[in-house]
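Accompanying notes for the structure given below.
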Amino acid sequence: MTLASFDHVTRRYGDVVAVDDITLAIEAGTLVGLLGPNGAGKTTLLSLLQGLRRPTSGAVTLFGGNPLDAGRRAALGTTPQETALPETLRVGEVVDYVGGHFADRVPTAELADEFGLTDLLRRQCGALSGGQKRRLAVALAFVGRPQLVLLDEPTTGLDVDARRTLWAAIRRQHDAGATVVVTSHYLEEIEALARRVIVMGEGSVIADDTVARVVARVGVGRVQLVSDEPDRIERLPGVVRYERDHDRDVLTVTDADAFVRELVRSGLDFRDLTVRGATLEEAFLALTDQARATDRARTTEDAA
Amino acid sequence: MTTSTVPRVSTARLTLLHAKYGLIETLRVPIAVIGTLVFPALALLFFVVPQRAVADNPEFATAAVISLSVFAVMSNALFSFGLTISENRQNPWDPYLRTLPAPGTARVLAQIVSTGTLGLIAIIPVIAVGGLLTAAEAPPARILTGVLALAVASLPFMLIGSAIGYALPFKAAIAVVQIVMFSLAFIGGLFLPPILFAPWLDTVSKFTPSRQAREFVIWAVEGGTLEWWVWAGLLFWTVTSFALALLLFRRDQGRRFR
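Protein sequence lines, in the order shown, are assigned to chains A and B.
Numbering of the first sequence is given in our numbering, commencing with residue 168 and proceeding in unit increments.
Numbering of the second sequence is given in our numbering, commencing with residue 141 and proceeding in unit increments.
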């Protein structure tokens with residue numbers, strides 16, 4: 168079942184095209200990661216689904232209707248930005264305020280327990296730490312037992328422990344039946360949470376596939392070594408990218424096995440070799456680089 | 141589709157929900173409330189009480205107390221609604237509330253219940269100062285009717301304030317509210333009694349919600365005949381300004397930067 172869909176949706180702000188002719192669907196039961204650099208259009212895409220903005224053209228559908236219609240949002244859960252919480256209200260009051268919008272809501276104590284807020288319910292929001300505010304913000308998305316949850320950067324600014332705790336809570340909610348869309352700067356987060364990943368760049372969808380296949384599609388490997396002749400190694404066939412990380416040489420290569428064979432055959436000096444597959448982050452960088460290159464090529468063609 | 145069967149909370153309950161937490165939020169910053177409550181009484185104390193010619197004449201004093209009560213409710217409505225709403229729109233909590241399943245009607249009405257309640261409380265010190273320090277007089281039942289009439293007559297101001305709040309950014313809203321407030325107060329005969337107006341100004345005055353509110357409350361307190369343009373005008377202003385506020389709420393998509 169499709170919970171939400173975009174049909175050739177474009178959103179402009181003046182001359183800027185934030186979302187450029189996007190068509191995609193969110194199916195029930197999935198956990199989708201939405202990935203992209205700043206300004207790629209992720210937040211605009213979510214705000215269209217939240218009924219905060221209207222598309223310039225195209226149609227956005229939420230639970231079979233228009234998200235601008237308040238009734239259609241009765242099964243939607245979203246997070247406020249952490250800075251958005253009303254400072255003078257107590258944590259318990261904020262939960263009841265938001266929870267009051269839903270006919271079938273999670274009781275405050277139960278939600279507080281799930282997200283580790285039990286000891287904070289009497290505290291005013293202004294007195295919470297960044298991590299506590301994040302937990303509250305994410306908890307609010309789940310208070311109405313939503314069918315679809317949009318999490319915009321749920322763990323920004325959290326330390327590793329707090330992030331993992333929150334991921335566990337999100338995963339439990341997903342297992343309990345919620346469909347989740349999560350945007351993040353942390354690729355690790357998308358890798359840990361999502362099965363399907365949508366990569367956005369400059370308002371368009373660059374890739375939309377499982378995490379494993381997005382990584383595989385780029386087909387790159389990472390080779391690290393130390394060498395006295397990095398400039399000669401860089402010129403070996405199959406090297407896509409060369410960086411220097413402190414005293415180590417880092418090479419992005421199309422085929423790690425072939426590269427290592429070539430390296431040994433060349434007789435060039437090297438030591439401390441490590442080889443691993445690409446992470447989602449590297450795949451993501453490669454994808455956005457490619458997209459930008461094609462874009463430039465197209466623009467040059469147009470000009471010519 | 142199964143999703144359309146999700147049970148919903150009624151608009152009335154959502155209105156009360158938003159009104160309740162709006163009021164709690166306001167009351168947690170007591171100094172802001174005190175300003176609203178004290179300002180109208182201070183105006184009476186400074187502008188009317190020292191003028192013994194007015195203050196010692198029961199008829200003039202009663203009209204002056206009523207005019208200032210209308211002014212108090214009007215300025216409170218325009219300022220609180222215009223500025224609170226436009227300030228909230230710049231705060232990221234408001235866009236979050238807009239993602240929740242509450243229709244615009246509930247949001248606009250909730251603001252009226254919460255901020256409007258405070259505005260009516262601000263009348264109590266005005267009546268107290270008027271009763272104790274001037275010759276203004278009215279039987280308690282009449283005063284109560286007057287307060288009710290004031291509540292009804294204040295609706296257009298709250299809704300005009302809401303419309304300004306939804307239409308403009310904060311700094312622009314301050315300027316516009318001030319201009320609207322002083323124009324309505326003066327033309328509506330809240331500062332100078334309309335008896336002193338030139339005939340043409342008196343005619344213009346009858347079209348303003350402030351003049352209509354003044355006449356409506358005087359009628360409620362002192363009795364007599366209610367002229368048709370008073371209630372028709374108030375009804376017209378209430379309906380149009382509600383429609384305008386709702387339209388602007390729906391059109392609003394947060395603050396845009398280019």
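Built from N, CA and C at the ideal position, the CB exists for glycine as well.
Specify, as a first and last residue, the run of the beta strand (DSSP E) that isoleucine 365 of chain A falls within. Start at 1 with the first residue of the first sequence, and residue 365 of chain A comes out as number 198. Start and end: 363-368.
Please classify proline 404 of chain A: is it buried, with 16 or more other beta-carbons within 10 angstroms of its beta-carbon, or exposed? The sequence position of residue 404 of chain A within the first sequence is 237, counting from 1. Its Cβ having fewer than 16 others within 10 Å, proline 404 of chain A is exposed.
Report yes if the CB atom of phenylalanine 297 of chain B is closer than 9 angstroms to the CB atom of proline 349 of chain B, and no otherwise. Residue 297 of chain B sits at position 157 when you count from the first residue of the second sequence. Residue 349 of chain B sits at position 209 when you count from the first residue of the second sequence. In contact: phenylalanine 297 of chain B and proline 349 of chain B (Cβ atoms closer than 9 angstroms).
Would a check of beta-carbon distances place glutamate 320 of chain A closer than 9 angstroms to chain B? Your numbering for residue 320 of chain A matches position 153 in the first sequence. Judged by the 9 angstroms Cβ criterion, glutamate 320 of chain A is not in contact with chain B.
Touching by the beta-carbon criterion (3+ pairs, under 8 angstroms), the stretch 247-262 of chain A and the stretch 210-224 of chain A: Three or more Cβ pairs closer than 8 angstroms define a contact, and the stretch 247-262 of chain A falls short of that threshold against the stretch 210-224 of chain A.
Quick check on the burial criterion: 16 or more other C-beta atoms within 10 angstroms. Buried or exposed for serine 207 of chain B? If you number the second sequence from 1, residue 207 of chain B lands on position 67. Answer is buried; the Cβ neighbour count reaches 16.
Return the first residue and the last residue of the alpha helix (DSSP H) that valine 320 of chain B is part of. Translated into the one-based positions of the second sequence, residue 320 of chain B becomes position 180. Here the alpha helix (DSSP H) through valine 320 of chain B covers 310-327.
Interfacial residues, the stretch 208-232 of chain B to chain A, with Cβ spacing under 9 angstroms: Contacts with chain A (Cβ-Cβ distance below 9 angstroms) from the stretch 208-232 of chain B involve Asn231 and Pro232, listed in chain order.
Run through the DSSP bridge pairs and tell me what leucine 201 of chain A is partnered with. The residue labelled residue 201 of chain A in the question sits at position 34 within the first sequence. Answer by DSSP bridge pairing, in chain order: A:Thr350 and A:Ile365.
Residues of chain A with a CB under 9 angstroms from the CB of valine 169 of chain B: which are they? Counted from its first residue, the second sequence places residue 169 of chain B at position 29. Here the neighbours are Thr255.
Distance between threonine 197 of chain A and threonine 169 of chain A (C-alpha atoms, nearest Å): Stepping through the first sequence from its first residue, residue 169 of chain A is reached at position 2. Stepping through the first sequence from its first residue, residue 197 of chain A is reached at position 30. Take the alpha-carbon of threonine 169 of chain A and the one of threonine 197 of chain A: they are about 10 angstroms apart.
According to the neighbour-count rule (16 or more other Cβ atoms, all chains shown, within 10 Å of its Cβ), is phenylalanine 186 of chain B buried or exposed? Residue mapping note: residue 186 of chain B aligns to position 46 of the second sequence, counting from 1. Exposed: under 16 other Cβ atoms inside 10 Å.
DSSP state of leucine 240 of chain B mapped onto helix, strand, coil: The residue labelled residue 240 of chain B in the question sits at position 100 within the second sequence. Per DSSP, reduced to three states, the secondary structure at leucine 240 of chain B is coil, with no helix or strand assignment.
For phenylalanine 269 of chain A, which beta-bridge partners are listed by DSSP? In the first sequence, the residue the question calls residue 269 of chain A occupies position 102. In DSSP, phenylalanine 269 of chain A forms a bridge with B:Arg148.
When A:Val184, A:Thr246, A:Ala294 and A:Pro274 are compared against arginine 257 of chain A, the one with the closest alpha-carbon: Position 90 of the first sequence holds residue 257 of chain A. The option with the nearest alpha carbon to arginine 257 of chain A is A:Ala294.
Along chain B, in chain order, which residues have C-beta atoms closer than 8 angstroms to that of histidine 341 of chain A? Working through the first sequence from its first residue, we reach residue 341 of chain A at position 174. Per Cβ cutoff of 8 angstroms: no residues; histidine 341 of chain A is ~18 angstroms from chain B at best.
Name, going along the chain, the residues of the stretch 234-246 of chain B whose beta-carbon falls closer than 7 angstroms to a beta-carbon of chain A. Pro235, Tyr236, Arg238, Thr239, Leu240, Pro241, Ala242 and Pro243
Measuring straight from C-alpha to C-alpha, what distance separates glutamate 401 of chain A and glutamate 281 of chain A? Walking along the first sequence from the start, residue 401 of chain A turns up at place 234. Walking along the first sequence from the start, residue 281 of chain A turns up at place 114. Rounded to whole angstroms, glutamate 401 of chain A to glutamate 281 of chain A spans 51 angstroms at the Cα level.
Residue of A:Gln248, A:Ile357 and A:Gly370 minimising C-alpha distance to valine 381 of chain A: The residue labelled residue 381 of chain A in the question sits at position 214 within the first sequence. If we check each option's Cα against that of valine 381 of chain A, A:Ile357 comes out closest.
Comparing the C-beta of threonine 246 of chain A with each C-beta of chain B, is any distance below 9 angstroms? The residue you call residue 246 of chain A lines up with position 79 of the first sequence. Cβ-Cβ to chain B under 9 angstroms: yes for threonine 246 of chain A.
Suppose the cutoff is 8 angstroms on Cβ atoms and the five residues either side in sequence are ignored; what does the same chain contact list for arginine 396 of chain B look like? Position 256 of the second sequence holds residue 396 of chain B. A caution first: arginine 396 of chain B carries a pLDDT of 48, below 50, which makes its placement in the model too unreliable to give a value.
Under the rule that 16 or more other beta-carbon atoms within 10 Å means buried, what is serine 401 of chain B, buried or exposed? With chain B covering 141 to 398 only, the question about residue 401 of chain B has no answer from this structure.
Against chain A: residues of the stretch 159-192 of chain B by CB proximity under 7 angstroms: Of all residues in the stretch 159-192 of chain B, only Tyr161, Ile164, Glu165, Arg168 and Val169 place a beta-carbon less than 7 angstroms from a beta-carbon of chain A.
Specify the secondary structure class of alanine 372 of chain B as computed by DSSP and reduced to three states. Taking the first residue of the second sequence as position 1, residue 372 of chain B is located at position 232. Here alanine 372 of chain B sits in helix by DSSP.
Could you spell out the range, first to last residue, of the beta strand (DSSP E) harbouring glutamine 134 of chain A? It is not possible to answer for residue 134 of chain A, since the shown part of chain A is limited to 168 through 471.
Among B:Tyr306, B:Ala212, B:Ala203 and B:Leu223, the one whose alpha carbon lies nearest that of leucine 324 of chain B: The residue given as residue 324 of chain B occupies position 184 in the second sequence. When only C-alpha atoms are compared, the closest one is B:Ala212.
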